[in-house]
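Trainee: In the numbering used here, the protein residues as written are 1 to 633. Glycine included, C-beta positions come from ideal geometry on N, C-alpha and C. Treat the numbers as computed from the prediction; the structure is a model and nothing was measured. Sharing a structure here in structure tokens format.
As structure tokens, this is what we get:
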């Protein structure tokens, strides 16, 4: 009876968080009765909650010695090994526990957590599903399954899991946050804001709710409200690194790089192993043009979080931007491990080509990203064909007419159509790595794109209205869904000075803004707009063939003009894409291209001033005045 009273008192202390008092009472019980299994269990839990893991282990081992046929001791010992990051020992103990009680859903749930941390996500899925099968009301198992779905890039599946966890246990604030965050990651911002606002009503003192809500507001473009949320989170808990991290992200989006840097550094003071912060701090240095410091930050992110694909990917992009191509291509391959990119990875039964002998083999080369990337890297097709391979190409429908007549291409398949048999496959953007491309070995057989002569004649008739004027095609906006579109696209009003050059006739090559928006710009800038007659890229190419110059922001049309060998001036943001390198006016990818760079972020005015001056000179060019040609080509 004395032992029972002592145990109940110890249990009460434990439940109140008074672990030291619970430890003292359990030890008193065990001094009198060393085989008291409940006291051993509670002593182990109390030691564990005090993070005295080495002292908890003997408690659970003694439980196993006393009752080797029971699962509980093995299960608790496994949990301690997990806390100590001794994952292999944890797995062995979970195996022993499951062998003694195959109906306990908690065993499989915790086992799945270990497998996830060991980076065995598919195996972890199996164990979480087993836990749910055993107990369909296990909210934690649904939540953990959602987490591993995020790791695998299956965000819609993650949302369904988080919704189920939320339905089972709506009193757990974590379920609100993970559901809200997953909805945000999939672009369902209104739904994310709704669930996180509900969380704020129920848990007004939870700082993590504030910074999750802030992240959704940031993605919605409501930066000031996002800042308020992060500042509130910091007010509640000044030692919350995630709040400083997210606050830094808002300042980064607003272009306030120094303020962003300060917030990231504060986050790192609180958590020196916060890999995402090192990664984003690296982005700040990259945008500022400090490639060496950027690479150091990305390397640090990788060191504190091995397997962090985003850091390796950014190292690749930074090396490419700096012209270190061999290191850059290696890092670029990590795109396949990024959660937001895994959905693009093709699961073919045949191997990826990595430079093996191709004589007599069939290889499928498949486009993987935007039109511009495809147009830039199809230059490698003849190089693959030169290895005595049969080259099959899978591409978007809009590019098929251009690609089908390329040198070395045996067959073109439109994406979505049945594929032929092949021996190897290779994503288009992996080809530079396979060929070991450096700055000095970029394939420069220009033009590598051809235009149907009959189509060129057709478009010649459509452009005759310009008479003898110098014909210039304009593109002022890229794909609105591109992550960097707000920086690489320019306000068409900025182009107004070009309309004042008397010997120039401007043509619109803008296709992705909707007819009403494009037409209003064309009227304002007195552009000739023939884009409603463009069916695909072969029409765009034929129109370009009838122009004297293309002026474009960083979009597919610039690559198309470059691949055709036409004179093209490309307008670049202050922090350009990797392919344009740094500090040069020419492009090693396109000999007929000239680059016009912003001298400070978001300032297109100075860029257009230089373009206007150079275009005025070029439009005056004649056979007797070749002095300007070397400067402007």
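Applying the criterion that 16 or more other CB atoms from any shown protein chain within 10 Å of the CB defines a buried residue, is residue 335 buried or exposed?
Mentor: The count along the chain shown starts at 1 and reaches residue 335 at position 335. Answer is buried; the Cβ neighbour count reaches 16.
Trainee: Could you check where the beta strand (DSSP E) with residue 594 kicks off and where it finishes?
Mentor: The count along the chain shown starts at 1 and reaches residue 594 at position 594. Note, residue 594: beta strand (DSSP E), 590-597.
Trainee: Quick one: grab the DSSP three-state call for residue 128.
Mentor: For this step, residue 128 is matched to residue 128 along the chain shown. Note: residue 128 maps to helix in three-state DSSP.
Trainee: By Cβ distance below 6 Å, which residues in the same chain neighbour residue 311 in space, the five residues on each side in sequence not counted?
Mentor: Your numbering for residue 311 matches position 311 in the chain shown. So the qualifying residues of the chain are 279, 298, 301 and 302.
Trainee: At 4 residues or longer, and completely inside the segment 522-585: list those alpha helix (DSSP H) runs for me, N to C.
Mentor: Runs of the alpha helix (DSSP H) inside the segment 522-585: 537-545 and 556-564.
Trainee: Would you mind working out which of 437, 487 and 350 sits nearest residue 423, comparing C-alpha positions?
Mentor: Along the chain shown, one-based indexing puts residue 423 at 423. Taking only the C-alpha atoms, the option nearest residue 423 is 350.
Trainee: Can you say whether residue 624 is buried or exposed, counting buried as having 16 or more other CB atoms within 10 angstroms of its CB?
Mentor: In the chain shown, counting from the first residue as 1, residue 624 sits at position 624. In this prediction, residue 624 has a pLDDT of 42, which is less than 50 and means its spatial position is unreliable; what the coordinates show is noted afterwards. Exposed, by the Cβ-count rule.
Trainee: Assuming the contact rule is C-beta atoms closer than 8 Å, residue 248 and residue 267 should be a hit. Round their C-beta distance to whole Å, please.
Mentor: Your numbering for residue 248 matches position 248 in the chain shown. Your numbering for residue 267 matches position 267 in the chain shown. About 7 Å separates the two Cβ atoms, so the contact holds.
Trainee: Indicate whether the contact test is met: 3 or more Cβ pairs, each with one atom in the segment 595-606 and one in the segment 412-419, closer than 8 Å.
Mentor: Taking 8 Å as the limit for Cβ pairs, the verdict is that the segment 412-419 does not touch the segment 595-606.
Trainee: On the CB-based measure, 16 or more other CB atoms within 10 Å of its CB, does residue 252 come out buried or exposed?
Mentor: As a working note, residue 252 is residue 252 in the chain shown. Buried.
Trainee: Terminal residues of the continuous beta strand (DSSP E) containing residue 427?
Mentor: Stepping through the chain shown from its first residue, residue 427 is reached at position 427. Element bounds for residue 427: 424-427.
Trainee: Please report the straight-line C-alpha distance between residue 94 and residue 305, rounded to a whole angstrom.
Mentor: For the purposes of this step, residue 94 is identified with residue 94 of the chain shown, where counting begins at 1. For the purposes of this step, residue 305 is identified with residue 305 of the chain shown, where counting begins at 1. So the two alpha carbons sit approximately 26 Å from each other.
Trainee: Does DSSP put residue 363 in a helix, in a strand, or in coil?
Mentor: Residue mapping note: residue 363 aligns to position 363 of the chain shown, counting from 1. Three-state result, residue 363: strand.
Trainee: For a quick check, are the C-beta atoms of residue 548 and residue 570 less than 8 Å apart?
Mentor: Here residue 548 is taken as the residue at index 548 of the chain shown, counted from 1. Here residue 570 is taken as the residue at index 570 of the chain shown, counted from 1. For residue 548 and residue 570, no; Cβs fall outside 8 Å.
Trainee: DSSP on residue 473, reduced to helix/strand/coil?
Mentor: Translated into positions along the chain shown, residue 473 becomes position 473. Of the three classes helix, strand and coil, the one that applies to residue 473 here is strand, per DSSP.
Trainee: Have a look at the DSSP bridge pairing and note the partners of residue 60.
Mentor: Within the chain shown, numbered from 1, the residue matching residue 60 stands at position 60. DSSP, once it has assigned bridges, lists no residue as partnering residue 60.
Trainee: Where does residue 93 fall in DSSP's three states?
Mentor: Working through the chain shown from its first residue, we reach residue 93 at position 93. In the structure shown, residue 93 sits in a helix (DSSP, three-state: H, G or I).
Trainee: Could you have a look at residue 192 and say whether DSSP puts it in helix, strand or coil?
Mentor: As a first step, residue 192 is located in the chain shown; it is residue number 192 there, counting from the start. Of the three classes helix, strand and coil, the one that applies to residue 192 here is helix, per DSSP.
Trainee: Would you report the Cα separation of residue 287 and residue 533, rounded to the nearest angstrom?
Mentor: The count along the chain shown starts at 1 and reaches residue 287 at position 287. The count along the chain shown starts at 1 and reaches residue 533 at position 533. Roughly 39 Å separates the two Cα atoms.
Trainee: Which of helix, strand or coil does DSSP assign to residue 240?
Mentor: Taking the first residue of the chain shown as 1, we reach residue 240 at position 240. Residue state, collapsed to three classes: coil.
Trainee: How many angstroms separate the CA atom of residue 354 from the CA atom of residue 322?
Mentor: Taking the first residue of the chain shown as 1, we reach residue 354 at position 354. Taking the first residue of the chain shown as 1, we reach residue 322 at position 322. About 25 Å.
Trainee: Which complete beta strand (DSSP E) runs does the segment 344-407 hold, if anything under 3 residues is left out?
Mentor: Qualifying beta strand (DSSP E) stretches, in chain order: 362-366 and 390-395.
Trainee: Short check: CB of residue 184 to CB of residue 151, under 8 Å?
Mentor: Against the chain shown, residue 184 aligns to sequence position 184. Against the chain shown, residue 151 aligns to sequence position 151. No. Outside cutoff.
Trainee: By how many angstroms is the C-alpha of residue 76 removed from the C-alpha of residue 66?
Mentor: If you number the chain shown from 1, residue 66 lands on position 66. If you number the chain shown from 1, residue 76 lands on position 76. Going by the C-alpha atoms only, they are around 14 Å apart.
Trainee: Take residue 308 and list the residues in its own chain whose beta-carbon comes closer than 6 Å to its own, dropping the five residues that flank it on each side.
Mentor: Translated into the one-based positions of the chain shown, residue 308 becomes position 308. Around residue 308: 275, 301 and 302.
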